[in-house]
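Reading through the structure tokens given below for one structure.
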Amino acid sequence: MGAGESRPARGDSAAAEGNQPNSEEQQRQPKVLRIERSQIPEAYKNVGVSSEVIRRVSGGSTSNDSDVSALNAELQKERETNARLRNQMQNLTALQNRFATGQIIPSQTTETLEDVEEKKRVFDETVQRVEKQFFSYQRENACEDNEKELMECLSKNKGKVLNCKSLKVPYDECIVKFRHEVLSSKAS
């Protein structure tokens, strides 16, 4: 029996008598077409198939208009929300800029002298803590002598840097020692 042919049902006497396939049964069953891998030309072996085609072939439903319209409505709602938030941010930024430039003065100043002094004290403590943490490591160049000696050698021996190679080792050792001192003082 070949592709597309059907066998008559056992209880179907009319189809069995004439050995003709039942047209109603033939319409219900899809035609089967089998293609072996060896029959496929090399040029068609690498073909991309979209997920939509895979869904249709496997019997899944395709996206319908109601899904698309629901997603469009949701997208429009999100865009409106984003536009509203963007406007609020612009208004807030403009208000902050006007306040910073002195165009707007707070209507009610309820801060007492004690509140101002407390804020000043907290600010001063913060400044001291930042200075101690970030600016306390400004030390004079501990390797200045080695650096000068190396630079003089390099200026005297232009193009002959290997002549100053012996001065680089003590300079590097000095730098390592200085780093170690700074890090150990930071840890304590």
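Everything in the sequence shown is counted per our numbering, starting at 2 for the first residue and increasing by one. By construction, the Cβ of each residue, glycine as well, lies at the ideal position given by its N, Cα and C atoms.
Cut-off 6 Å between Cβ atoms - residues of its own chain near residue i, not counting five sequence neighbours on either side
i	result
S14	Model confidence at S14 stands at a pLDDT of 46, short of 50, so the residue's coordinates are unreliable and nothing is read from them.
K187	none
H181	none
A84	none
Contacting residues, own chain, Cβ-Cβ under 7 Å from residue i (five flanking each side not counted)
i	result
G19	Any reading at G19 must be qualified, since the residue scores a pLDDT of 49, below 50, and its modelled position is unreliable; the value itself is stated next. No residues qualify anywhere along the chain.
S185	none
V177	none
Q134	none
Rounded distance between the beta-carbons of residue j and residue i, thought under 8 Å
i	j	result
C175	C165	That belief does not hold up - the Cβ atoms of C175 and C165 are roughly 15 Å apart, past 8 Å.
A143	F179	5 Å
Neighbourhood of residue i by C-beta, 8 Å cutoff - its chain only, sequence neighbours within 5 removed
i	result
L76	none
Between the region 139 to 151 and the region 170 to 186, do at least 3 Cβ pairs fall closer than 8 Å? Output reads yes: the region 170 to 186 touches the region 139 to 151.
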